[in-house]
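Trainee:
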Amino acid sequence: MKPNRTARQAPTWGHILTTYARTGGAATQRRKLIEFPHKRWAKLRVLPVDQTTGIDFLDVLARGGVSTSMALRGVESLALETGLLTHAVLPRKLWPKYTPRPKRAITEKEHRLL
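For any residue, its number in this note's numbering is found by taking its place in the sequence shown, counting from 1, and adding 38.
(1) Tell me which residue opens and which closes the alpha helix (DSSP H) that Phe95 is part of.
(2) Thinking C-beta only, is Arg111 closer than 8 Å to Trp79?
(3) Under 8 Å Cβ to Cβ from Pro49, same chain only, skipping five residues before and after it: list those, please.
(4) Taking 7 Å as the cut-off, is the CB of Arg68 close to at least one heavy atom of the ligand NAP?
(5) So, with DSSP's three-state summary, where would you put Thr56?
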């Protein structure tokens with residue numbers, strides 16, 4: 039019996055990660071290509087989009103930092119915009135809050151040490 043070639047496999051997050059990594063300018067693409075090969079993305083990469091839960095996203099977020107959070111938001115947005123997801127996987131209130139660290143100039147003493 040021949041395999042049914044018309045049946046489509048459910049897309050995985052790996053497909054979406056690849057598509058998302060191709061968007062943006064050269065520097066942005068480089069940054070994404072550095073982020074996505076990390077082990078924290080391995081479980082999500084093979085997971086079908088329609089079988090994803092918020093726990094899967096929280097697992098990725100727990101293993102990463104700000105870059106991971108921003109990338110995951112972008113990937114989820116792409117899946118929503120392309121119609122692969124009908125609703126957000128993780129509610130907005132469960133996303134980690136980004137609080138930038140305070141910035142300061144170096145002191146004259148620190149400047150002399152350079």
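Cβ coordinates follow ideal geometry from the N, Cα and C atoms, glycine included.
Mentor: In this structure, then:
(1) That run of the alpha helix (DSSP H) goes 92-101.
(2) Taking the C-beta atoms as reference points, Arg111 is found no nearer than 8 Å to Trp79.
(3) Around Pro49: Pro86, Val87, Leu122.
(4) No copy of the ligand NAP occurs in the structure displayed, which carries no ligand at all.
(5) Helix at Thr56.
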